[in-house]
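Residue numbers (my numbering): 11 to 102. Beta carbons: idealized from backbone N, C-alpha and C, even for Gly. To start, the structure itself, in structure tokens.
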Amino acid sequence: MLSIKNMTNSPLTNLLLIAGTVFLAIAVIGQARLGFAEINPGFFGRLLALIIGLFSLTGAVVLVLFPVEIVDLIRNYLAQQIQQNLGLIIQV
Numbered sequence: 011m012l013s014i015k016n017m018t019n020s021p022l023t024n025l026l027l028i029a030g031t032v033f034l035a036i037a038v039i040g041q042a043r044l045g046f047a048e049i050n051p052g053f054f055g056r057l058l059a060l061i062i063g064l065f066s067l068t069g070a071v072v073l074v075l076f077p078v079e080i081v082d083l084i085r086n087y088l089a090q091q092i093q094q095n096l097g098l099i100i101q102v
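Structural data, given as structure tokens:
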């Protein structure tokens with residue numbers, strides 16, 4: 011229940027969750043007519059919608075499992091290591 015409470019606190023997680031659901035719906039339904047709008051993505055569009063939907067849902071799950079503070083800590087550590095070892099990186 012704690013992870014569901016964390017999920018509702020982050021607007022980025024909500025955005026990724028909604029976008030992933032919409033893209034997966036487009037991939038599954040394919041041709042649809044919603045009032046005045048018609049969705050006809052074709053094969054490549056459905057495949058692309060599937061890929062984007064899966065990445066969006068995966069991103070939402072990752073943000074729930076690993077809070078932003080942990081991601082920032084890892085990013086800062088990697089940036090510090092790159093700056094310290096920039097000479098070695100340039101030589102390669």
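Taking its Cβ as the centre, do 16 or more other Cβ atoms sit within 10 Å of residue i, making it buried, or is it exposed?
i      : result
Gly-30 : buried
Thr-68 : exposed
Val-74 : buried
Ala-70 : buried
Can you list, in chain order, the residues of its chain whose CB lies under 6 Å from that of residue i, leaving out five sequence neighbours each side?
i      : result
Ala-89 : none
Leu-60 : Ala-37
Ala-42 : Ile-49
Ala-47 : none
Grab me the residues of residue i's own chain with a C-beta within less than 7 Å of its C-beta, minus the 5 sequence neighbours each way, in chain order.
i      : result
Ser-66 : Leu-26, Ala-29, Gly-30 and Phe-33
Pro-51 : Ile-36, Gly-40 and Ala-59
Ile-62 : Phe-33
Looking only at C-alpha atoms, which of the options sits nearest to residue i?
i      : options                            : result
Arg-56 : Gln-101, Leu-98, Thr-68 and Ala-35 : Ala-35
Thr-23 : Asn-86, Phe-53 and Val-72          : Val-72
So residue i and residue j are supposed to be a Cβ contact under 8 Å. How far apart are they, rounded?
i      : j      : result
Ile-92 : Ile-99 : 7 Å
With a threshold of 8 Å on Cβ separation, who are the neighbours of residue i within its own chain once the five nearest residues in sequence on each side are excluded?
i      : result
Leu-64 : Gly-30 and Leu-34
Residue i CB to nearest chain B CB: under 9 Å?
i      : result
Gly-45 : This model lacks chain B altogether, as it is built from one protein chain only.
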